[in-house]
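**Q** I have a structure here, written as structure tokens, and I will follow up with some questions on it.
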Ligand code: FAD
Ligand code: DHB
């Protein structure tokens, strides 16, 4: 392998929330890392994605010095509303479980991480190409890439961590005879809308409707976020009027005097939905974290929170491995992380299938029965609250 050689303790592929938080936590433990990313810093910092942080994510971010702006600008919510035509019920997570959630966009988490890593002098390589992993079954794994000047680079490390999301190359480096995966593709997508308008609700509304699911979320006192269930392959080219009409119908404008306030739409996008888990999350000196190992449909707001939970386990495991040659936490990482991954995979599937319109009228009756039970039984509501507000890390 030609090209300039770098050395680091941990080579992290991907500067999303998993990669950046891992480098931050490792640095706090005295471990040096290098982060490699195909996109630009500006692109990574401005991607509009998830919006809800669960209790353990907030506890972790505060605990590692990333809670200041979150505490100032984040909005703590006690729970969510679940609704179907003619009914709206509040599920109060604080009453049911003592835990709450925060509205604080992934964009903001990402900006906080970039600022903290830049301030600490973290070595970052953005806009790279041709990322390739080598020798992950040995004690001297390495990553090669082409830098912005077109030069081939080599990063020699003690450990490589794939934090490269759902399309990255890392997960393919777990050999075929070792790895397994499970997948469910859903027959619908989410049309995401960002609008410059004050939210018409104090907490999120998850709405079942015969036209399809709708979600009213928010980013701040003056920015609202909405999602509409749409068929797969829908183009995000709906007119603003068509979007507001669909949201008004599905969210129950006029129901019990509730009104949906409209405003200027600033972003429209369509996201496909799938569940995916690949095991194991570690092979030799390669570890996977976040979307690189598992993807959930967004209905339970778990994707970002799961990525955070993975690296919260992985950082101390790598610190023990590198500093003390103690393999125990590294050896149990995959099994421990996967317990939470499967719990969240089930919860996200359950929320998705309870709330999205399918083809079968029998399923529709089951969905409505489930919604009535979850909103009228303390046991039903507590199950939802415990999963949504999030279980403690290390569950
Ligand atoms: P990512 O954030 O995907 O980061 C991976 C990084 O790796 C990226 O920056 C990527 O550019 C980089 N990378 C990829 N390949 C390479 C390579 N070869 N070399 C170097 N770098 C590479 N979750 C929710 O809970 N609610 C939502 O509303 C929601 N909306 C979403 C919308 C979209 C469009 C997407 C894609 C995801 C959404 N998610 C949502 C999921 C949530 O954003 C993810 O779970 C979260 O970003 C996972 O973080 P991560 O760091 O594991 O992966
Ligand atoms: C948001 C996204 C989700 O997937 C969800 O369940 C709740 C809120 C959001 O982007 O605000």
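Residue numbers (the numbering used here): 1073 to 1467.
Here a beta-carbon is modelled for each residue, glycine too, at the ideal position from N, C-alpha and C.
Computed from a prediction, not measured in an experiment: that's the story for all the values here.
1. With a CB to CB cut of under 8 angstroms and the five nearest residues on each side skipped, what residues in its chain are close to residue 1405?
2. Take residue 1156 and list the residues in its own chain whose beta-carbon comes closer than 8 angstroms to its own, dropping the five residues that flank it on each side.
3. Between which two residues does the beta strand (DSSP E) holding residue 1138 run?
4. For residue 1089, which residues in the same chain have their Cβ closer than 8 angstroms to its Cβ, ignoring the five residues on either side in sequence?
5. State the start and end residues of the unbroken alpha helix (DSSP H) segment that holds residue 1382.
6. Decide if the region 1443-1463 is in contact with the region 1395-1409; the criterion is three or more beta carbon pairs, one per stretch, under 8 angstroms apart.
7. Entirely within the region 1404-1459 and at least 4 residues each: give me those alpha helix (DSSP H) ranges in chain order.
8. Threshold first: 3 residues or longer. Then list the beta strand (DSSP E) segments lying entirely within the region 1294-1374, N to C.
9. What three-state label does DSSP hand residue 1232 in the structure shown?
10. For residue 1235 and residue 1258, what's the separation of their Cα atoms in angstroms?
11. To which residues of the same chain is residue 1319 closer than 7 angstroms at the C-beta, ignoring the five residues directly before and after it?
12. Could you give the C-beta distance for residue 1208 and residue 1085, rounded to a whole number, given that I count them as a contact under 8 angstroms?
13. Who pairs with residue 1147 in a beta bridge, going by DSSP?
14. By a C-beta neighbour count over all protein chains shown, 10 Å radius and 16 as the cutoff for buried, is residue 1345 buried or exposed?
15. What separation, rounded to the nearest whole angstrom, lies between the Cα atoms of residue 1166 and residue 1314?
16. Are residue 1083 and residue 1226 touching if we call contact CB-CB under 8 angstroms?
17. In whole angstroms, give me the CA-to-CA distance for residue 1457 and residue 1413.
18. How would you call residue 1264, buried or exposed, if buried means at least 16 neighbouring beta carbons within 10 angstroms?
19. Express the C-alpha separation of residue 1076 and residue 1461 in angstroms, rounding to a whole number.
20. Roughly how many angstroms lie between the CA atoms of residue 1173 and residue 1224, to the nearest whole one?
21. Looking at residue 1452 and the ligand DHB, is the gap between the Cβ and the nearest heavy atom below 7 angstroms?
22. Kindly give me the distance between the Cβ atoms of residue 1034 and residue 1266, rounded to whole angstroms, as I take these residues to be in contact under 8 angstroms.
23. For the beta strand (DSSP E) containing residue 1248, list its first residue and its last residue.
24. Any idea what DSSP makes of residue 1471, helix, strand or coil?
25. Which residue marks the beginning of the beta strand (DSSP E) containing residue 1126, and which one marks its end?
26. Just how far apart, CA to CA, sit residue 1269 and residue 1409?
27. Give a yes or no on contact between the region 1107-1120 and the region 1146-1163, applying the rule of three or more CB pairs nearer than 8 angstroms.
28. Just the Cα atoms here: how many angstroms apart are residue 1288 and residue 1454?
29. Do the region 1128-1139 and the region 1093-1103 make contact, defined as three or more Cβ pairs closer than 8 angstroms?
**A** This is what the structure gives:
1. Position 333 of the chain shown, counted from the first residue, corresponds to residue 1405. Contacts found: 1353, 1354, 1359, 1385, 1386, 1389.
2. The residue given as residue 1156 occupies position 84 in the chain shown. Correct list, in chain order: 1279, 1280, 1281, 1440, 1443.
3. In the chain shown, residue 1138 corresponds to position 66, counting from 1. If you look at residue 1138, you'll find it isn't in any beta strand (DSSP E); DSSP assigns it neither H nor E.
4. For the purposes of this step, residue 1089 is taken as the residue at position 17 of the chain shown. Here the set comprises 1178, 1181, 1182, 1185, 1362, 1376, 1379, 1380.
5. For the purposes of this step, residue 1382 is taken as residue 310 along the chain shown, with counting starting at 1. Unbroken alpha helix (DSSP H) run through residue 1382: 1375-1396.
6. no
7. 1433-1448
8. 1295-1303, 1336-1351, 1358-1360
9. As a position in the chain shown, residue 1232 is number 160, starting the count at 1. DSSP places residue 1232 in strand when its eight states are reduced to three.
10. The residue you call residue 1235 lines up with position 163 of the chain shown. The residue you call residue 1258 lines up with position 186 of the chain shown. Looking at the two C-alpha atoms, the distance is approximately 24 angstroms.
11. In the chain shown, the residue the question calls residue 1319 occupies position 247. Once the five neighbours on either side are set aside, the close Cβ partners of residue 1319 are 1286, 1298, 1300, 1332.
12. The sequence position of residue 1208 within the chain shown is 136, counting from 1. The sequence position of residue 1085 within the chain shown is 13, counting from 1. Contact doesn't hold; Cβ gap of about 11 angstroms is too wide.
13. Here residue 1147 is taken as the residue at index 75 of the chain shown, counted from 1. Residue pairing by DSSP places residue 1147 opposite 1175 in a beta bridge.
14. Stepping through the chain shown from its first residue, residue 1345 is reached at position 273. By the neighbour-count criterion, in which a residue is buried when 16 or more other Cβ atoms sit within 10 angstroms of its Cβ, residue 1345 is buried.
15. If you number the chain shown from 1, residue 1166 lands on position 94. If you number the chain shown from 1, residue 1314 lands on position 242. When rounded, the distance between both Cα atoms is 37 angstroms.
16. By 1-based counting over the chain shown, the position of residue 1083 is 11. By 1-based counting over the chain shown, the position of residue 1226 is 154. For residue 1083 and residue 1226, no; Cβs fall outside 8 angstroms.
17. Residue mapping note: residue 1457 aligns to position 385 of the chain shown, counting from 1. Residue mapping note: residue 1413 aligns to position 341 of the chain shown, counting from 1. Straight-line Cα distance between these residues: approximately 17 angstroms.
18. Position 192 of the chain shown holds residue 1264. Residue 1264 comes out buried.
19. By one-based count along the chain shown, residue 1461 stands at place 389. By one-based count along the chain shown, residue 1076 stands at place 4. Distance between the alpha carbons of residue 1461 and residue 1076: 46 angstroms.
20. Here residue 1173 corresponds to residue number 101 of the chain shown, with the count starting at 1. Here residue 1224 corresponds to residue number 152 of the chain shown, with the count starting at 1. One C-alpha to the other measures close to 44 angstroms.
21. On the chain shown, residue 1452 is found 380 positions in, with the first residue counted as 1. No, the ligand DHB has no heavy atom inside 7 angstroms of this Cβ.
22. Residue 1034 lies beyond the range of the chain shown here (1073 to 1467); nothing can be said about it.
23. The residue labelled residue 1248 in the question sits at position 176 within the chain shown. Neither: residue 1248 is in no beta strand (DSSP E) and is coded neither H nor E.
24. Past the boundaries of the shown model lies residue 1471; the chain is included only from 1073 to 1467, so the question cannot be answered.
25. Sequence index remark: in the chain shown, residue 1126 carries index 54 (1-based). Its beta strand (DSSP E) spans residues 1124-1126.
26. Working through the chain shown from its first residue, we reach residue 1269 at position 197. Working through the chain shown from its first residue, we reach residue 1409 at position 337. Looking at the two C-alpha atoms, the distance is approximately 39 angstroms.
27. no
28. To locate residue 1288, count along the chain shown from 1; it is residue 216. To locate residue 1454, count along the chain shown from 1; it is residue 382. Spanning the two alpha carbons is a distance of roughly 22 angstroms.
29. yes
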